[in-house]
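Beneath this line is the structure, given in structure tokens, with notes to follow.
There are 2 protein chains.
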Amino acid sequence: MTTYEMVRTKAEAAHRAAGELAVTSTVIKNKALLAMADALEAGAAEILAANAKDMEAGRANNMKESMLDRLALSQVRINAMAEGLRQVAQLEDPVGNVLDGRRLPNGLTVTKVRVPLGVIGIIYEARPNVTADAIGLCVKSGNAVILKGGSEALQSNIVIAGILTQAAEAAGIPAGAIQFVDSSDRQAVTDLIKMNGLVDVVIPRGGAGLIQAVVQNATVPVIETGIGVCHTYVDAGADYDMARAIAINAKVQRPAVCNAMETLLVHEDAAAEFLPQMLTEYFAAGVTIIGCGKTQAFDKRIRAATEADWATEYGDLRLSVKIVSGLEEALAHIAKYGTKHSECIVTSDYNHARTFQQRVDAAAVYVNASTRFTDGFEFGFGAEIGISTQKLHARGPMALPELTSSKYLISGDGQIRG
Amino acid sequence: MTTYEMVRTKAEAAHRAAGELAVTSTVIKNKALLAMADALEAGAAEILAANAKDMEAGRANNMKESMLDRLALSQVRINAMAEGLRQVAQLEDPVGNVLDGRRLPNGLTVTKVRVPLGVIGIIYEARPNVTADAIGLCVKSGNAVILKGGSEALQSNIVIAGILTQAAEAAGIPAGAIQFVDSSDRQAVTDLIKMNGLVDVVIPRGGAGLIQAVVQNATVPVIETGIGVCHTYVDAGADYDMARAIAINAKVQRPAVCNAMETLLVHEDAAAEFLPQMLTEYFAAGVTIIGCGKTQAFDKRIRAATEADWATEYGDLRLSVKIVSGLEEALAHIAKYGTKHSECIVTSDYNHARTFQQRVDAAAVYVNASTRFTDGFEFGFGAEIGISTQKLHARGPMALPELTSSKYLISGDGQIRG
């Protein structure tokens, strides 16, 4: 069987199962999620053994320490995955919710209801917990799922997906609804993202390279996620202590994630009072500062920012800093280099706050708070399958409702169009 | 300037204008729409002169009569276009509407508001009234628009777009927000659908060939519209007079449109009572019947349906007819050959009605009414930019709200993540 045939066979099976899963009751889906959580914990030894093989291969291939950390599983992490499935079981099932409706003048009733998307392809890297998260969210929202994980986590993912599939089917989820592509052939991704008619959407989760490859080559609809070149703009006259606390949190608290800050923009009238202590705090926290010419004048350790720096998601303890002439220059900089993820202004000025929130084109626009809050759990959605940075279908943190579509049900008694 | 450079220049101008248009007030947008309507009527002579050139070229190229009819403009059609713009002015502006919101435990307020999509590309064929409709809906929903019409209507479209752009800008719409690709080079389509970062979505409106070419080649998100292989299933025990009235209306009233029926499915227990009179009515209406073997037994004028027939959107007075063993076979046939547009069951059985609406995967699922009602105006939306047959972002008739995205506004007083 070629890779194409293998992927197509899985897509056909998922497509067949999707019709049945779409009308599977919430009671059965919740029962399945709880059984899947139990099975994951019961299979911990098997999962850890598989994960040890992935870790060994990773070390042999000189994988970076941060990457190894994301790959590593433990009893605690397996319990957390199981707990995640139990939490998804407690969330409201969006399928069947009535979104809108009316009676037309001719007596027809029109009701718009939520339905599953159908078959969702998830393409991801490194972290094996995504396997359990994605399967759980897709099962709950009534979607069949095809998972294609990174080769570095292949052994772990095979075992996790196998355990979850078996438990789900035993609990009444239609056979075929959960598909895992147990191959490290990259061709499988290329095939999956062209399965129009069988796959309804693909969601890539990973680095910019993966996401761009999917966007450029997919013929199936794509939801772009998670590339974040996020800015914090410190306005003149802001509460500079608050600004420093926000700017430290947004950069340092967890620099590898997409809602962390990459560029600090400082009003030129704020720089003298705000920046020296800010730089001291950043250096103390181990942050490397890359700056514009005016910023460099504040400290000789600051290297000059290039055009590429402004557009880079560092994902580590590097930070670009630019001194700007005011709100307009900050807005222009964000429009040019931002990735429409999360942007923040720290200000005391009502009009500047209002203008910033209205004019910045991003999924999440903050006044006086850290960009780190852009997250489905923080926003109170109880789940997250990714953060959409595109404008179609869903924008920002995506939870269960974002994994649904809708259809119109029209009921009549013989109406015809005149 | 190459075609690519021309398209890119227009996309950049639209992208620049989109930021300003997104925050342009409803008052200005409505004033512009009314001014555009007046300008269209004032420019009728110029529009008709340009249309005469297109018609002449069409006749010289042996264009089909139905195509010529769609291309032809008249004073009445120009007035209707103007009236359409005035109606759009009266619709509610979706931009700025609050969709959701909450206060988080840490005191942050999160508000989800509607925002324009940004820049919308519309790729369409033949009918020059689409130029005015699309510009009107995009202006009202705060989106910049790039139009690429068919070469057969180029002269008409150039004049219409020119008149509307001038009137819009004079009334305060940002310069550049309305772009028309005044070229019949097909390369312009290929370039437009790859303008990631400048174009937020493309909506193809036209035949299956155009839509598939866009879906297969676009890297920008696409909303698929309007291919309809729609079915009507007549259940055993249905009100057969009602069924015949619906089946005539769905096929005959306007066969060229996407919500017209292409295939009639008849329960085998209904056939003897229902079908003879149905066929008599169809033949009287000039309908050509293509049928399965069992259907052919009812009349010698019925030619045998091929596999291709079941999957074809005839768009004219041809109809495929199949006698099925019951609801399950009808559902399976629709799942295999339907295009997820509009599907109907005519039945008196509660459980069959419920099962059909739950299990058919389509934008609009009818009980006892003609599929011809799938339309933004009929549904009471007051507008329509197309009918989405995909599941992402929008499904079914798309009006102003479907031309928007959302963003989260988060306001705090120094919150940082722990």
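Going down the list, the protein sequences come from chains W and S. For the first sequence, counting from 1, position 154 maps to 154 in the numbering used here; every step adds exactly one. For the second sequence, counting from 1, position 36 maps to 454 in the numbering used here; every step adds exactly one. Just so it is clear, CB atoms sit at the ideal spot from N, CA and C, and this is done for glycine as well. Note that the structure is predicted; figures quoted are calculated from it, not measured.
Within the same chain, Cβ atoms closer than 7 Å to the Cβ of R495 of chain S are found at N547, the five residues on either side in sequence being excluded.
By the Cβ-count criterion, G291 of chain W is buried, with 16 or more other Cβ atoms from all chains shown falling within 10 Å of its own Cβ.
Nearest to A134 of chain W by alpha-carbon distance, out of W:A167, W:I178, W:L91 and W:V98, is W:I178. The three-state secondary structure of C138 of chain W, taken from DSSP, is helix. Using a Cβ-Cβ cut-off of 7 Å, V441 of chain S counts as an interface residue toward chain W, since at least one Cβ of chain W sits closer than that to its own.
In chain order, N635 place their CB closer than 7 Å to the CB of T608 of chain S, counting only its own chain and leaving out the 5 sequence neighbours on each side.
Within the segment 318 to 363 of chain W, the runs of beta strand (DSSP E) at least 3 residues long that lie entirely inside it are, in chain order, 318 to 324 and 342 to 346.
Neighbours of G830 of chain S across chain W, judged by C-beta separation under 8 Å: Y366, V367, N368 and A369. Annotated three-state conformation of F274 of chain W is helix, per DSSP.
For Y233 of chain W, the enclosing beta strand (DSSP E) has its first and last residue at C230 to V234.
Shown here, P128 of chain W sits in coil according to DSSP, grouped into three states, outside any helix or strand. Just measuring C-alpha positions, the residue of W:V159, W:L317 and W:R359 sitting nearest A256 of chain W is W:L317. Our two residues, A17 of chain W and T24 of chain W, have alpha carbons roughly 11 Å apart in a direct line. Between the segment 678 to 698 of chain S and the segment 807 to 818 of chain S, the count of C-beta pairs closer than 8 Å stays below three; the two stretches do not touch.
Looking at the backbone, the Cα of Y350 of chain W and that of A369 of chain W are separated by about 15 Å.
For Y408 of chain W, the closest Cβ of chain S is nearer than 7 Å. DSSP places G709 of chain S in the uninterrupted beta strand (DSSP E) bounded by T706 to G709. Taking 8 Å as the upper bound for CB-CB distance, T792 of chain S and A782 of chain S are in contact here, some 4 Å apart. Counting the other CB atoms within 10 Å of its CB gives T232 of chain W a total of 16 or more, which places it among the buried residues.
CA-CA distance, A11 of chain W to T698 of chain S, rounds to 44 Å. Contact with chain S is absent for T9 of chain W, since none of that chain's Cβ atoms lies less than 7 Å from the residue's Cβ. At a cut-off of 7 Å between beta carbons, T347 of chain W makes no contact with chain S. Nearest CB-CB separation between F377 of chain W and chain S: not below the 7 Å threshold. The beta carbon of H751 of chain S sits no closer than 7 Å to any beta carbon of chain W.
Nearest CB-CB separation between M660 of chain S and chain W: below the 7 Å threshold. Classified as buried, S806 of chain S has 16 or more neighbouring CB atoms from the shown chains inside 10 Å of its CB.
Annotated three-state conformation of E262 of chain W is strand, per DSSP. Contact between the segment 161 to 181 of chain W and the segment 28 to 40 of chain W is present: 3 or more CB-CB pairs across the two stretches fall below 8 Å. Cβ contact annotation for E459 of chain S (same chain, cutoff 7 Å, sequence separation greater than five): I496, N497 and A500, in chain order. Neighbours of L164 of chain W in chain S, taken as residues at a C-beta separation under 8 Å, are lacking, since the least C-beta distance is about 25 Å. For H811 of chain S, the nearest CB of chain W lies under 7 Å from its own CB, placing it at the interface with that chain.
Distance from the CA of R372 of chain W to the CA of R835 of chain S, rounded to the nearest whole angstrom, comes to 6 Å.
Distance from the CA of L610 of chain S to the CA of G539 of chain S, rounded to the nearest whole angstrom, comes to 7 Å. Boundaries for G150 of chain W: no alpha helix (DSSP H) harbours it, and the DSSP string shows neither H nor E there. Contact between S601 of chain S and M424 of chain S holds, with the beta-carbon distance rounding to 7 Å and staying under 8 Å. The straight-line gap separating the alpha-carbon atoms of L108 of chain W and M473 of chain S is approximately 40 Å.
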